[in-house]
Structures are given as structure tokens and as C-alpha cells.
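Chains as they are written, first to last, in the working numbering: chain A, 20 to 775; chain B, 404 to 556.
Note that the Cβ used here is the ideal one computed from N, Cα and C, for glycine as well.
Taking it in order: structure first as C-alpha cells, then the write-up.
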């Protein structure tokens, strides 16, 4: 069986052309020597060679070394006119495998339909290049790097043509994969120039294109992987196949800290397809693995395995009891995160006071592709295929388990069937390595749906206490926001006792970076320990904080008799740009998206009545790390019970700076809305006896087709560098939704998620 | 030994006949286009067509599927409706992570074969079994209506 080649082509995808532009400063690119260039192309050849069958290896390597232009790790122009672009971020649905190559292709001046996208990996060819995918930062972080990389190759090709024709480079134009000398009518394809260009020195300084010259950036380009996806040819982690591949499923500790004491493998070993039963001591959900010749045999064997567990210290953990503890913690003094003026004093002397507590429960990521990792451990090296957002972590963890240098561990990244932050943790990598080493064969560890929902990392629960002081004119003069929650445990047990750590981290997001003009403000955190493994979940701290913040603003507006949208604009006046910590909040941009959302939703006009139901409209807004500014208006209709809520429409105005892929922006806005909707009304994780109760999609039930509202996206161009959109649309949704519910019913919802 | 007819090809499959069709396809026939999302009939990622009817392949055994004509996502393009739906999916740029999309497309094709011009309520009902964690529902709906409109042309 041949190794499946993890790649994608764009052939046949029609480009959608349009306008768009951005500032384009001159930029520096470090010079590379010819020797470095040759080594780089040799490594590129190696990437191709690894994935091909043995008989194709030597051909690929020689082809790569001799006939190509590859001045950096991001691209290669072959003598056959092939254009290969490498994506250096993990694709989990946010569209990086399209967005990032678009940036390269635009500067490079190639026809998008000729582009072939390959995935970068933890191999020497990409040494020094960050492959970590988090924080919705991919396009912002790679924007200028990729533009310079594409421009570098373009300029080398232009210089090669000028050299070939004995003309000036300034007389030559690069367009659609060819160089044209208008005066003489001569043209040469990039492929025909590749070898000559490769012999030229790599320029250390290149101009990126002027805004008006951008062709792809700012248009709607369909997903480059879509044709393979709709034909069932796309490769996710679970689809990786290798010669002699085994499959494994792990019987896992019921509660955190439980340990497998003994197990009876006798019956399981005689089951069809079962090869071995081995302990798993790494990761956070240890236990006993059944290794088999097929996934089904591994799962069936695991289900039949009887394991005796020694109880750890957490079997009494109960989430409802924990929420009571969080609520109690709100009465304790916290660690100061932000302080301006004298909030407690101003609050005490304010004419009116509005106060509320909110609860955001534990949540699961619930990627549709369950966690998995394929590992092939040899005596002196290890290859890993894992759908991960953090390949450098996967490499490090594997090397640690095996006692190898990191360079002996290669990590390949297939498509991710959802990430949402869950695939940052790599807890499933050490166990795959451990099992492969034990059985001396490549092994794919498969998590069942119950494994995926019950084990692994969760979004921590948060309790919020907000209090606002309002003066006689209805202005907010004082604001206190206290959050009781657990620190994210994925980073290991906290040894940080620095009382300023939240202030220094500018955390919690959404509380620290409150965008409103409020003279006296105080934000505190009360850390509460819990045994639940926790880590980043889509938008991390924003959803809980912004739910609380935007709900209280709404409540204040109504108390002082103001329209909630107008009131927010009042709180942003005079619309200045301010620094909050290291973040820049542009209140003019936030005003703009609020105004656009208001206008496009018909805010001034009451929502259309729905027979037999109560209708309402709500608004909320947020700024993500001083980058994307976003406002949402939600229309709901409510039945007799407040549990009977239909979300009819969500209008979103988004300013994500320079828009790169219009179709991708709209898709991510919709995706964030649906994620926010899930967390607001459909899902939650309950712990009883130290274990998550929800082990199926019937219990942890994200929204379905019939729950999906109409979502309208309005992109506001601000002409700055690109900001992100993977998470940004999540944060304001819950508040906008429950503000709408209040408008419809007069009832305030202060607890998110599905009730146990 | 049971024989499976998958995308028009017969396969003699010598494994435990209680094995769910999903795993026969993925692990024994090398057809990994049909996805594993829950194994419990809840998410629809494993949807295939059995004698033209949409079925969750995690919920049928090899014995039950033997002899029937099975179509997976890999073979869908052989039918006019299948091709039309795939094209509509590309034109509406539906996929995000894409993991649920094979099942979504199989369900959509089954709906359009049964109902040339499905209403939004038809789409709600039929696609209720298809879970998308990325939330692509709005574009899925548009793609179904687009494919339906194309067929009417």
C-alpha cells in the first residue's frame, strides 16, 4: 500500500476577481547564498520524496535540485511551469491553506488556477519557521513575510528575463506566471526562466505591490481543498495510511488522577484482529491500549477490556458544586488586573448602581474528527502524522518520550477535522509514540467520540461579578469586573505566584480590554483551583467576559432609559484611539461597526412580529486584542417559555483590517456565530464523580440545521493590515442573543449553556 | 464470504460480518472518504447510500450491507445529481474544515433525488441528522437550493 501524499491542487477552481488594496511598505529580506538555496531545494525535494513511493524518490530529488526556483521555503517554480506554495499554518477550517497561498500568489503574480498547495511540516526545510496555529493570528503574522517571499521570487524572475533579453528589468512586467517585455512583445513563462533565475543572487530588499496592484487579496476565492473534500479525497488525521499500520484504542482513567492497577487481557488477546495490549502512561488520560489490525477491532477490544482502577483524588468533583464555589469566590478579594481611578470609591458614591453575576459553564471543543495521532517509531527516529495546531509541541513531546533529539522526530500535518484550540495540546502524541514503540510498528491511536468528549482538555468555567456606578446624567462613571475561574492548566501546574500576573498578561480578555470610556475601572481575578484539565477554547476568555460586559451595558442602558446601541456609542464618545496595555482600541472603528450593524439590521425599526411569539432584537460588540472590531445584532422570537428561543437572524458588521479572502471572512463570521450560539444555548459539560457526563452528541448537542439563523455579514474595510477572524465572531454572540431575549420577554439570562 | 458492491465494484470481504460498514470501507477497502465522527448514528459523518437510500454506515453491519449497491462519496460523481450537488458545493464554497461534508453531501443528494425542489423545512428535517461543528449550515442550505435550481434548468 503506498503512502498517501498529503497535498492539494487548485486546478479547475475559478478565481473570482475583484478589487482590494492595502499599504505596501518596502521590506527587507535576508540574503541567501547559492549554497543555502541549493540545500533548501534539496530539502524540498526530500519532502516530496518522502511521500512518494521508493521508485519515484530519486527522480523527484534530482528534479527539485536542478530545475527550480526556490529562494525560500514557501514556494517553488518548476521548470515545467509548476507553481508550488507551502502553507505554514494548520488548516482546521479557518481557511489558511487558501488565504496564505493567496498572499504568496498575489505578489508572485501567478494564475491562481495553476497553484498547487503543499503543507509545511516539522522537517529541516522549515527550520526557523513558526508553524503554530493559534490566536487567530495566522494572516496577521504571515502577511508581510509571505508578501516579501512572493515578491522575492517575482523579482528574481523579472531579473532573469531582463538578463535573457538584455533589457532593463523596469521594462519587464510580471503577470500570470510569465514575464512580458512590452516594447518587443517578448514573453517567457516562469518555468522557462526558473533555472536562470535560480542562478541569480537572492535580493535582500524587495518592494511589495502597491495596493491598487493587488489582484487576489480582497476578493472571494473558494477553498483550495474543496474539490478534494467534495470527492472524499481529502486526507485528515484518521485517513493517514501506512504500510503495516496498526490501530489502537485506549481504556482511559475514569477520573483525573485514577491509575490502572491491573487488567485482564486474556479474553481480549484472543479477539479477532487484536495484536497486543499495552499500558499507556503518558498524556493526561492514561490507561491501557488495545492494538489491532483495524480500528473496529481496536475499539471492540478496548471495550471488552476489564481494567481495575486505583481511584485518584478527584472522584468527588462535581461541576454544580464547583459553580457554587466560584460564586463564593466572587466575594473574596482578587488579584488586580486593571485599575484606573478609584472604582470602589466612585461606585460607592454613584447616584445609581447596576450589579449582576454571570456564569459561563465548562465547555468541550468537540471537534467532529475525534483526537488521533499516527506514530511510526524506529530505533533512532520517529515520524508522526497528527492533525495538530502545535507541531513543535508534538515534536518536543515525542522526542522527550523517546529520548531522541528533536531533529530525529518529523511531524506531518494533515487536514484537521476542526481544531478550535483543542489541537494545541498534543496530549495524544506521547501515547501514540509510547504504543508504537511498544509494538514496534506504526500505530494510529483513535479516540472514540466518548473519549473525545470525556477526556482531554476543557474550557474552564467562569463566574463574573459586575457592578457599575451611574451618575445623575445616566453616564457610567465606575465599573468593576471580577472573574472567578481556573487558570488554564494545559501549561502545567502553575508555579507563578506573582500577584501581578493577570495585569501583566492583560487578562482576562474582554474584561481587561474593556473598550468603553469609563473614568473609574477595576478588573480583578480570583483564581480557583480545579482538577479539570483546561486550555484554550475558541476565543478563550472573550466569550465569558464579553457576555457579562455586554449584558450589563444593555441593562444599564435600559435602566437609564436609553437605546442600547445609542448608549454604547455614548460610551465610546469621543471615539478616540486608546492604548489599553499593549492593545490599541480604536473607538472610531468600533463605532463604525456598530453603526453598520444598526443600519443593516434596521435597528431603528421594531422587528417584524411572529404569530404567537414574542420578538426582540439585541446588540453586542467587541474588539479582539486591538485587532478585529466586530458588532452583532440578533433577532429572536420566544415562545411561551424562555427556553423556547428561535434565533431568526444575526447581522454582523466586521472590521478585520485588510480583507484577504471575502468568502473566507463570511465563512468565519458564520462559523463564530454558530459556535457562540452553541455555547449560549446548546452545550455545556457537566462533571459528576470526577468525570464528564456528556459522552455523545445527544448529550453534548451542538446546533443543527434547523437551529441555524440567517447570518448576514457586512465587511467594513479599514485599510490597515489584516487582523484575524478564526475566533472573533464568537465573543459578542451570547450577549447579543440574550439582550434580544430580554427585549422580547423582559427576562435576563445570566447563565450560559445547556442546563444539566 | 460476504460480497460488497461499492461504487459499482464488487469486493469479497473476509472479515467478521458484524463489522460496521463504516470500518469495512475505511480500513479494509481503503475508502476513507466516509468519515468517523461518533460511531453512534448521531452525527451523520458516515452517511452512504445503500440501494439509493441514505444510511449511517456506522449503524449497518457488513452482513446487512452485503449484496446491496453501496455508493460512497468517492463514487457520487458518477450520478448526475451527485455531480450537480458537488458542483453547487464548490460554487457556494461550503466547506470549512470539511470533515462533515461527505456525509452532508450524501444526505443532500438523497434529499434531491427524492424531492426535486425541497423547501427550507425539507432541508431542516432531512439534514437534521448531519452535524457540522464549523456551522456551515447556511451555505449547505444555499448549495442544496442551487443544485435544485440547476436541475430545473
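Same chain only: Cβ atoms within 7 Å of residue 81/A, ignoring 5 sequence neighbours per side: As a working note, residue 81/A is residue 62 in the first chain. With a pLDDT of only 37 at residue 81/A, under the threshold of 50, the placement of this residue in the model should not be trusted, and no figure is reported.
Alpha-carbon to alpha-carbon, residue 464/B and residue 683/A: Position 664 of the first chain holds residue 683/A. Position 61 of the second chain holds residue 464/B. Near 39 Å, if we compare the C-alpha coordinates of residue 464/B and residue 683/A.
Residue 396/A - partner residues in DSSP beta bridges: Taking the first chain and counting its residues from 1, the one referred to as residue 396/A is at position 377. BP columns for residue 396/A point to 401/A.
Contacts of residue 386/A in chain B (Cβ-Cβ under 9 Å): Sequence index remark: in the first chain, residue 386/A carries index 367 (1-based). Here the neighbours are 500, 502, 536.
Extent of the continuous alpha helix (DSSP H) to which residue 602/A belongs: As a working mapping, residue 602/A is identified with position 583 in the first chain. No alpha helix (DSSP H) contains residue 602/A, which is instead part of the beta strand (DSSP E) from 602-605.
Which of helix, strand or coil DSSP assigns to residue 125/A: For the purposes of this step, residue 125/A is taken as residue 106 along the first chain, with counting starting at 1. Helix at residue 125/A.
Cutoff 7 Å; reference residue 321/A; Cβ partners in own chain excluding five residues on either side: Residue mapping note: residue 321/A aligns to position 302 of the first chain, counting from 1. These residues qualify, in order along the chain: 268, 269, 270, 309.
Whole beta strand (DSSP E) elements within the region 399-487 of chain A, 3-residue minimum: 401-404, 428-431, 462-465
Within chain B, the residues that residue 255/A reaches when beta carbons sit closer than 9 Å: Counting from one through the first chain, the residue named residue 255/A turns up at place 236. In chain order: 435, 438, 500, 501, 502.
Neighbouring residues, chain B, relative to residue 404/A (Cβ below 8 Å): Numbered from its first residue, the first chain carries residue 404/A at position 385. Near residue 404/A there are no residues of chain B at all, since even the closest Cβ is about 13 Å away, more than 8 Å.
DSSP bridge partner residues for residue 298/A (one or two, in chain order): One-based indexing of the first chain puts residue 298/A at position 279. Residue 298/A pairs with 307/A.
Reduced DSSP category for residue 540/A - H, G, I as helix; E, B as strand; rest coil: The sequence position of residue 540/A within the first chain is 521, counting from 1. Here residue 540/A sits in strand by DSSP.
Which of helix, strand or coil DSSP assigns to residue 466/B: Residue mapping note: residue 466/B aligns to position 63 of the second chain, counting from 1. In the structure shown, residue 466/B sits in a helix (DSSP, three-state: H, G or I).
Top-ranked residue by Cα proximity to residue 509/B, from 546/B, 414/B, 416/B: The residue given as residue 509/B occupies position 106 in the second chain. Of 546/B, 414/B, 416/B, the residue nearest in Cα terms is 546/B.
For residue 69/A, the three-state DSSP class (helix, strand or coil): Translated into positions along the first chain, residue 69/A becomes position 50. Any reading at residue 69/A needs caution, since the residue's pLDDT is 32, under 50, leaving its predicted position unreliable; the model's value is listed next. Of the three classes helix, strand and coil, the one that applies to residue 69/A here is helix, per DSSP.
Beta strand (DSSP E) runs wholly inside the region 344-389 of chain A, at least 3 long, in chain order: 354-359, 371-379
First through last residue of the alpha helix (DSSP H) which encompasses residue 692/A: For the purposes of this step, residue 692/A is taken as the residue at position 673 of the first chain. Unbroken alpha helix (DSSP H) run through residue 692/A: 681-696.
Coarse secondary structure for residue 556/A, derived from DSSP in three states: In the first chain, the residue the question calls residue 556/A occupies position 537. Residue state, collapsed to three classes: coil.
For residue 105/A, the residue or residues it bridges with in DSSP: For the purposes of this step, residue 105/A is taken as residue 86 along the first chain, with counting starting at 1. Partner(s): 137/A.
Local Cβ density within 10 Å of residue 383/A, reported as buried at 16 or more and exposed below that: Along the first chain, read from residue 1 onward, the residue named residue 383/A stands at position 364. Burial call: buried.
Boundaries of the alpha helix (DSSP H) in which residue 166/A is found, first to last residue: Translated into the one-based positions of the first chain, residue 166/A becomes position 147. Its alpha helix (DSSP H) spans residues 157-184.
Closest residue to residue 672/A among 147/A, 614/A, 509/A, 245/A (Cα-Cα distance): What you label residue 672/A is simply residue 653 of the first chain in a count that begins at 1. Nearest of 147/A, 614/A, 509/A, 245/A to residue 672/A, Cα basis: 614/A.
At least 3 beta-carbon pairs within less than 8 Å: the region 354-361 of chain A vs the region 484-493 of chain A: no
Cutoff 9 Å: residue 434/A Cβ touching any chain B Cβ: For the purposes of this step, residue 434/A is identified with residue 415 of the first chain, where counting begins at 1. It does; some Cβ of chain B falls within 9 Å.
Residue 72/A at chain B interface by Cβ criterion, 9 Å: Taking the first residue of the first chain as 1, we reach residue 72/A at position 53. For residue 72/A, the pLDDT reaches just 31, beneath the cut-off of 50, and the residue's location in the model is therefore unreliable, leaving the point undetermined.
Near-chain B residues of the region 675-689 of chain A (beta-carbon distance less than 7 Å), N- to C-terminal order: 682, 686, 689
Neighbouring residues, chain B, relative to residue 258/A (Cβ below 7 Å): Within the first chain, numbered from 1, the residue matching residue 258/A stands at position 239. Within 7 Å Cβ-Cβ: 435.
Residue-level contact to chain B via CB, residue 174/A, 9 Å cutoff: Stepping through the first chain from its first residue, residue 174/A is reached at position 155. It does not; no Cβ of chain B falls within 9 Å.
8 Å Cβ cut-off: residues of chain A touching residue 493/B: For the purposes of this step, residue 493/B is identified with residue 90 of the second chain, where counting begins at 1. The answer, in chain order, is 32, 241, 245, 246, 249.
Limits of the unbroken beta strand (DSSP E) element including residue 266/A: Sequence index remark: in the first chain, residue 266/A carries index 247 (1-based). Note, residue 266/A: beta strand (DSSP E), 265-271.
Residue 404/B, buried or exposed, once every other Cβ within 10 Å from all chains shown has been counted against 16: Within the second chain, residue 404/B is the residue found at index 1, counting from 1. With fewer than 16 Cβ atoms within 10 Å of its Cβ, residue 404/B is classed as exposed.
Residue 620/A, DSSP secondary structure in three states: Position 601 of the first chain, counted from the start, is the residue given in the question as residue 620/A. DSSP places residue 620/A in helix when its eight states are reduced to three.
Three-state secondary structure assigned by DSSP to residue 206/A: The residue you call residue 206/A lines up with position 187 of the first chain. Note: residue 206/A maps to strand in three-state DSSP.
DSSP state of residue 434/B mapped onto helix, strand, coil: One-based indexing of the second chain puts residue 434/B at position 31. Three-state result, residue 434/B: coil.
8 Å Cβ cut-off: residues of chain A touching residue 466/B: As a first step, residue 466/B must be located in the second chain, where it is residue number 63. Result: empty, since nearest Cβ-Cβ is about 14 Å, beyond 8 Å.
Contact set between the region 439-452 of chain B and chain A, restricted to residues whose Cβ is under 7 Å from the partner: 439, 440, 441, 442, 443, 445, 446, 448
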